[in-house]
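Student: I have a structure here, written as structure tokens, and I will follow up with some questions on it.
In the numbering used here, the protein residues as written are 2 to 318.
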């Protein structure tokens, strides 16, 4: 009888643990995580529902090198070319700076037809600057002829949710300020009733003289309160020693925590405790990556669950 009671107690404990530790909804494969210098490791994140192999790619600074790393770490068994063609179903591009699009452009000759989702401004940069016959070749359905039609474009309109073709995912875009008046976008990705939020490059509202982050925080606060938002991906590009006049539309730890404080003012006190925040786009000048991490961890009075992504290392939320 005592053995029966023991095993019954262990079973009930297991059930209890499962009830308070929900299974992951999303899987994220970082193809690139840095904010410059290292061309083999620039901003790009593959995202899919946990039980699907239909990925979107949030930004595309590095593709092939990231896929090769993902194969070496065991995330994928197929060759990088296969994953590029068969698993990445669409690209969502926050803005058109090279460290967010270079991998897409360079790998376009080996890619297959798919959709690029972006703002009209970003689409114009692709068709007028990158995918031209003088600069590369036109692998899109717009711009200079001949058009090779590998990629078609879909314009993202702020606050309007759309389905992402060939996936189980939906996206709602939000406008960000990236060295005012230049713009970037945030992507609120939905699978069923669960969400991930990915921000492209962004400055803080008080430096950018805008309210774009304020409006974003207001919009997503209810999803944090209801436990539907699983994580936020946000950049911190420089250490605190970087002067505000030299941020060029980026964040540093002090400004990051200012913005998290604004978010908490809408979600409620202590609601961000242990909430996953993925820190993207650390610029690897000198020892800056280490300094940024140390400054973020030291000042974490909100008790955020800070995640520092690594290329080819799967994250689940």
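Beta carbons: idealized from backbone N, C-alpha and C, even for Gly.
(1) In terms of residues, what are the limits of the beta strand (DSSP E) holding residue 221?
(2) As a quick exercise: from 207, 312 and 245, pick the residue whose alpha carbon is nearest that of residue 70.
(3) Do residue 223 and residue 293 have their beta-carbon atoms positioned less than 7 Å apart in this structure?
(4) Could you please give the first and the last residue of the uninterrupted alpha helix (DSSP H) stretch that includes residue 254?
(5) Would you mind sorting residue 113 into buried or exposed? The rule is 16 or more other CB atoms within 10 Å of its CB.
(6) Taking the C-alpha atoms as reference points, what is the distance between residue 305 and residue 148?
(7) For the putative contact between residue 64 and residue 105, defined by C-beta atoms under 8 Å, what is the C-beta separation to the nearest angstrom?
(8) So, is residue 110 buried or exposed, given that buried needs 16 or more other C-beta atoms within 10 angstroms?
(9) Based on Cα-Cα distance, which residue from 183, 177, 121 and 182 lies nearest to residue 153?
(10) For residue 318 and residue 232, which I take to be in contact (beta-carbon distance under 8 Å), what is that distance rounded to the nearest angstrom?
(11) Do residue 173 and residue 189 have their beta-carbon atoms positioned less than 7 Å apart in this structure?
(12) Report yes if the C-beta distance between residue 92 and residue 61 is below 7 Å; otherwise report no.
(13) When every heavy atom of the ligand MG is checked, does at least one fall within less than 6 Å of the C-beta of residue 62?
(14) Based on Cα-Cα distance, which residue from 180, 28, 167 and 54 lies nearest to residue 246?
(15) Taking C-beta to C-beta, are residue 1 and residue 309 nearer than 7 Å?
(16) The alpha helix (DSSP H) spanning residue 196 covers which residue range?
(17) By a C-beta neighbour count over all protein chains shown, 10 Å radius and 16 as the cutoff for buried, is residue 1 buried or exposed?
(18) Select from 32, 159, 36 and 199 the residue whose C-alpha is nearest the C-alpha of residue 1.
(19) Can you tell me whether DSSP reads residue 81 as helix, strand or coil?
(20) Provide the residue span of the alpha helix (DSSP H) that contains residue 178, from first to last.
(21) Taking 7 Å as the threshold (C-beta atoms), are residue 204 and residue 186 in contact?
(22) Can you find a CB in chain D that lies within less than 7 Å of the CB of residue 25?
(23) Do you know how far the Cα of residue 221 is from the Cα of residue 227?
(24) Taking all protein chains shown into account, decide if residue 31 is buried (16 or more other Cβ within 10 angstroms of its Cβ) or exposed.
(25) So within the segment 56-119, which uninterrupted beta strand (DSSP E) runs reach at least 3 residues, ignoring any that extend past its ends?
(26) So, residue 360 versus residue 273, is the Cβ gap smaller than 7 Å?
(27) Measuring straight from C-alpha to C-alpha, what distance separates residue 47 and residue 269?
(28) Quick one: Cα of residue 84 to Cα of residue 51, how far?
(29) Tell me which same chain residues have a C-beta within less than 7 Å of the C-beta of residue 134, skipping the five on either side of it?
(30) Is the beta carbon of residue 216 closer than 7 Å to that of residue 195?
(31) Quick check: the Cα distance between residue 315 and residue 28, rounded to an integer number of angstroms?
Tutor: According to the data block:
(1) Counting from one through the chain shown, the residue named residue 221 turns up at place 220. Note, residue 221: premise wrong, no beta strand (DSSP E); alpha helix (DSSP H) at 213-226.
(2) Against the chain shown, residue 70 aligns to sequence position 69. Of the candidates 207, 312 and 245, the one whose C-alpha sits nearest the C-alpha of residue 70 is 312.
(3) Taking the chain shown and counting its residues from 1, the one referred to as residue 293 is at position 292. Taking the chain shown and counting its residues from 1, the one referred to as residue 223 is at position 222. At least 7 Å separates the beta-carbon of residue 293 from that of residue 223.
(4) Stepping through the chain shown from its first residue, residue 254 is reached at position 253. Looking at the DSSP string, the run of the alpha helix (DSSP H) that includes residue 254 is 254-268.
(5) Translated into positions along the chain shown, residue 113 becomes position 112. With fewer than 16 other Cβ atoms from the protein chains shown falling within 10 Å of its own Cβ, residue 113 counts as exposed.
(6) Indexing the chain shown from 1 puts residue 305 at position 304. Indexing the chain shown from 1 puts residue 148 at position 147. Taking C-alpha positions only, residue 305 is separated from residue 148 by approximately 47 Å.
(7) In the chain shown, counting from the first residue as 1, residue 64 sits at position 63. In the chain shown, counting from the first residue as 1, residue 105 sits at position 104. Right, the Cβ-Cβ distance comes to about 6 Å (below 8 Å), so this counts as a contact.
(8) Here residue 110 refers to the residue found at position 109 of the chain shown. Counting C-beta atoms within 10 angstroms of its own C-beta, residue 110 has fewer than 16 neighbours from the protein chains shown and is therefore classed as exposed.
(9) Start at 1 with the first residue of the chain shown, and residue 153 comes out as number 152. For residue 153, the nearest C-alpha among the options comes from 121.
(10) Numbered from its first residue, the chain shown carries residue 318 at position 317. Numbered from its first residue, the chain shown carries residue 232 at position 231. About 5 Å; that satisfies the 8 Å criterion.
(11) Position 188 of the chain shown, counting from 1, holds the residue named residue 189. Position 172 of the chain shown, counting from 1, holds the residue named residue 173. In this structure, residue 173 lies closer than 7 Å to residue 189 by Cβ.
(12) Here residue 92 refers to the residue found at position 91 of the chain shown. Here residue 61 refers to the residue found at position 60 of the chain shown. For residue 92 and residue 61, yes; Cβs fall inside 7 Å.
(13) Ligands in the displayed structure: none, and consequently the ligand MG is not present.
(14) In the chain shown, residue 246 corresponds to position 245, counting from 1. That would be 180, whose Cα lies nearest to the Cα of residue 246.
(15) An answer regarding residue 1 cannot be provided, because it is not within the stretch 2 to 318 covered by the chain.
(16) Your numbering for residue 196 matches position 195 in the chain shown. Following the DSSP letters along the chain, one finds residue 196 in no alpha helix (DSSP H) but inside the beta strand (DSSP E) bounded by residues 195-200.
(17) The displayed coordinates of the chain run from 2 to 318. Any statement about residue 1 would go beyond what the structure contains.
(18) The requested residue 1 does not occur in the structure, where the chain is confined to residues 2 to 318.
(19) Within the chain shown, numbered from 1, the residue matching residue 81 stands at position 80. Annotated three-state conformation of residue 81 is helix, per DSSP.
(20) On the chain shown, position 177 is the one that residue 178 refers to. Here residue 178 belongs to no alpha helix (DSSP H); instead the beta strand (DSSP E) covers 171-178.
(21) As a first step, residue 186 is located in the chain shown; it is residue number 185 there, counting from the start. As a first step, residue 204 is located in the chain shown; it is residue number 203 there, counting from the start. Going by beta carbons, residue 186 and residue 204 fall outside the 7 Å limit.
(22) The structure shown contains no chain D; it holds only a single protein chain.
(23) Counting from 1 along the chain shown, the entry for residue 227 is found at position 226. Counting from 1 along the chain shown, the entry for residue 221 is found at position 220. Distance from the CA atom of residue 227 to the CA atom of residue 221, rounded to whole angstroms, is 10 Å.
(24) For this step, residue 31 is matched to residue 30 along the chain shown. Buried: at least 16 other Cβ atoms inside 10 Å.
(25) Qualifying beta strand (DSSP E) stretches, in chain order: 56-59, 89-93 and 115-119.
(26) There is no way to answer for residue 360, as the model of the chain reaches only from 2 to 318.
(27) Position 46 of the chain shown, counted from the start, is the residue given in the question as residue 47. Position 268 of the chain shown, counted from the start, is the residue given in the question as residue 269. For residue 47 and residue 269, the distance between alpha carbons rounds to 31 Å.
(28) As a position in the chain shown, residue 84 is number 83, starting the count at 1. As a position in the chain shown, residue 51 is number 50, starting the count at 1. Distance from the CA of residue 84 to the CA of residue 51, rounded to the nearest whole angstrom, comes to 17 Å.
(29) Within the chain shown, residue 134 is the residue found at index 133, counting from 1. Residues 145 of the same chain have their beta carbon placed closer than 7 Å to that of residue 134, with the five preceding and five following residues left out of the count.
(30) As a working mapping, residue 195 is identified with position 194 in the chain shown. As a working mapping, residue 216 is identified with position 215 in the chain shown. Not in contact: residue 195 and residue 216 (Cβ atoms no closer than 7 Å).
(31) Here residue 315 refers to the residue found at position 314 when the chain shown is read from its first residue. Here residue 28 refers to the residue found at position 27 when the chain shown is read from its first residue. In a straight line, the C-alpha of residue 315 is about 7 Å away from that of residue 28.
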